[in-house]
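Numbering (this note's numbering), first residue to last: 132 to 380.
Just so it is clear, CB atoms sit at the ideal spot from N, CA and C, and this is done for glycine as well.
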Amino acid sequence: MFNLAGKIAFISGGTKGIGKGIAKVLKQAGAITIIAGTDVVRGEAIAKELAVDFIPLDVTDQTACKNAIDKIVEKYGRLDILCSNAGIFPQHYLKDMTAEDWDLVHTVNLKGTFFLVQAALNVMEKQRHGRVVITSSITGEITGISGYSHYGASKAGQLGFMRSAALEYAGQGITINAIMPGLIMTEGLKEFGDEFLNHVKDTTPMRTLGMPEDIGYAACFLASDEAKYITGQTIVVDGGQILPEMQEA
Ligand code: NAP
């Protein structure tokens, strides 16, 4: 495991699912960890469970994103690692999708990433050091799922954003990378029901669903000092989901 001892790490959407898995792993690696989400009751409970700090934050609010980062810097003196992970995935088939459905997904997933990453970069730029890790998805850039055209567009959009942002900050000791998870066993995914989850398990080459910590380990690597020469890149963590060229027996 990579050593993040003493690093200050902030994880949006760290109160559940993948973000909680990232928080657990970064904390285990020694980082002083702060999680964020909109649900204060759950956020405080999970913070207690993981022995981390919690900041209530809606990533769709630009001022709130800036205030959250300022609060961290005020309390801890700096921000070394931002994991921009908060995201939503409501299902809407294209024929019924409204402009509001489209906007909500893009506002949380894409604009929220822009707001929070920009606020963190303003601090990291002064430090001339920082690691940004965005939770994107295989959906959009590589695969598609019926009912998720807005989601896929937002997740592919995060990668377009990440590559240009990485270039802008490459000379300043700051790396910006993304993880592309396949289907990971989270609270959000549980809502799809057992039949769906068993189907995913049976059709995933590794015959098991990924766990939130699997994304945490990739985030831990990208957040480490050892990953200092990697920027604007992606790591797929999907148990082989995107590999099959044809359906195998
Ligand atoms: P989840 O279990 O539903 O958790 C989502 C997290 O995001 C929660 O902590 C939630 O906290 C937070 N959140 C949602 N809206 C927010 C907002 N406006 N501001 C701040 N926080 C907000 O979802 P998940 O499955 O862990 O997904 C996490 C990320 O991984 C997403 O970006 C998703 O697109 C990506 N991903 C997931 C999978 C998968 O299979 N699970 C696969 C690929 C990519 P509150 O409810 O308190 O706001």
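When burial is assigned at 16 or more other CB atoms within 10 Å of the CB, is residue i buried or exposed?
i	result
Glu180	exposed
Met293	buried
Gln378	exposed
Tyr360	exposed
Lys226	exposed
Leu340	buried
Gly302	exposed
Gly174	buried
Would you call the CB atoms of residue i and residue j closer than 8 Å?
i	j	result
Val183	Ser143	no
Leu353	Arg209	no
Ile212	Phe141	yes
Thr164	Ala154	yes
Glu326	Val156	no
Lys286	Gly271	yes
Gly288	His260	no
Thr317	Lys158	no
Phe246	Gln193	yes
Determine the closest residue to residue i out of the options, with distance taken between C-alpha atoms.
i	options	result
Tyr300	Gln258, Met337, Lys202	Gln258
Asn240	Thr229, Ser268, Tyr360	Ser268
Ile149	Thr270, Ala176, Ala217, Lys202	Ala217
Thr306	Glu376, Glu205, Glu357, Gly243	Glu357
Asn308	Lys321, Ile366, Gly145	Ile366
Ile139	Tyr207, Val236, Gln289	Tyr207
Val248	Leu235, Thr266, Trp233, Asp234	Thr266
Gly278	Thr317, Leu290, Lys321, Trp233	Trp233
Glu376	Gln364, Pro336, Gly363, Thr362	Pro336
Gly145	Val171, Met228, Met132, Val331	Val171
Ala297	Lys147, Gly137, Gly363	Gly363
Lys242	Met342, Leu290, Asn329, Ile273	Leu290
Met342	Thr334, Lys321, Ser355, His330	Lys321
Since I believe residue j is in contact with residue i (beta carbons under 8 Å), could you give me their beta-carbon distance rounded to a whole number of angstroms?
i	j	result
Ala160	Ile186	At roughly 20 Å, the Cβ-Cβ gap does not stay under 8 Å, so Ala160 and Ile186 are not in contact.
Ala350	Val264	5 Å
Gly319	Gly152	That belief does not hold up - the Cβ atoms of Gly319 and Gly152 are roughly 12 Å apart, past 8 Å.
Ser215	Thr244	5 Å
Ala162	Leu188	Not a contact, Cβ separation roughly 18 Å.
For this session: Would you be able to state if there are at least three C-beta pairs under 8 Å between the stretch 305-314 and the stretch 356-376?
Result: yes
Exercise. Counting Cβ pairs, one atom from each stretch, are 3 or more of them under 8 Å apart for the stretch 274-286 and the stretch 207-223?
Worked result: yes
Exercise. On the three-pair Cβ rule with 8 Å, is the stretch 193-207 touching the stretch 245-254?
Worked result: yes
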